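Going by our numbering, the letters in the sequence shown line up with residues 71 to 175, in that order. Even glycine gets a Cβ: it sits at the ideal position worked out from N, Cα and C. In this text the structure is predicted, and so the values were computed from the model without any measurement. Take a look at the structure below.
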Amino acid sequence: MITEITTLPDLKNALDSDRLIIIDFFAIWCGPCMRALPKIEAMSVKYPDIKFYKIDYDTVALKEACALLKVESLPTFCFFKDGKYLSRLEGADEITLENMISKYK
């Protein structure tokens, strides 16, 4: 299951985790984002120990977070663990995403 983050406090709560978390920055108007969503949903079931979140790039309340994380292309997947930024993947390459999950979990 993917949880949508819509506020800055939600984001702070999500980052306050000792588990690996992956945040999918997407937009409804982004074709590759929408095509990747079912695959990300499947990954969230396949990896129940990893917490998956999504942030709509157009959410005004989270524009600052997008800027701080330098999200400039969509989709962008950001990896965090223990509240620390680990890495990112820009684009919807499922194989690379799986490889990154294996590396960080």
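Supposed close pair residue i, residue j - CB separation, criterion 8 angstroms
i	j	result
THR73	TYR127	Not quite, the Cβ-Cβ distance comes to about 16 angstroms (not below 8 angstroms), so this is no contact.
GLU164	LYS116	That pair is no contact at about 12 angstroms.
ALA84	ILE92	At roughly 10 angstroms, the Cβ-Cβ gap does not stay under 8 angstroms, so ALA84 and ILE92 are not in contact.
LYS173	ILE120	Not quite, the Cβ-Cβ distance comes to about 12 angstroms (not below 8 angstroms), so this is no contact.
PHE147	ARG158	6 angstroms
Own chain residues within Cβ distance below 7 angstroms of residue i, not counting five before or after
i	result
THR77	ALA131
ALA106	PRO145 and ALA162
GLU111	ILE72
LEU81	ILE75, LEU132 and ALA135
LEU185	No answer is possible for residue 185: it lies beyond the span of the chain, which begins at 71 and ends at 175.
Residues sharing a beta bridge with residue i, DSSP
i	result
GLU160	THR146
GLU168	Note: GLU168 sits in no beta bridge, so no partner.
ILE72	PHE122
Environment of residue i [buried if 16+ CB atoms lie within 10 Å]
i	result
LEU90	buried
ALA137	exposed
MET71	exposed
SER114	buried
ASP94	buried
ILE31	Limits of the chain in this structure are 71 at one end and 175 at the other, which puts residue 31 out of reach.
8 angstroms CB neighbourhood of residue i in its chain, flanking five on each side removed
i	result
ASP86	GLY153
TYR155	LEU139, CYS148 and PHE149
Contacting residues, own chain, Cβ-Cβ under 6 angstroms from residue i (five flanking each side not counted)
i	result
CYS100	LEU144
Problem set entry | Runs of beta strand (DSSP E) wholly within the region 82-158 (minimum 3 residues, chain order) | List check, beta strand (DSSP E) in window: 91-96, 121-126 and 146-151.
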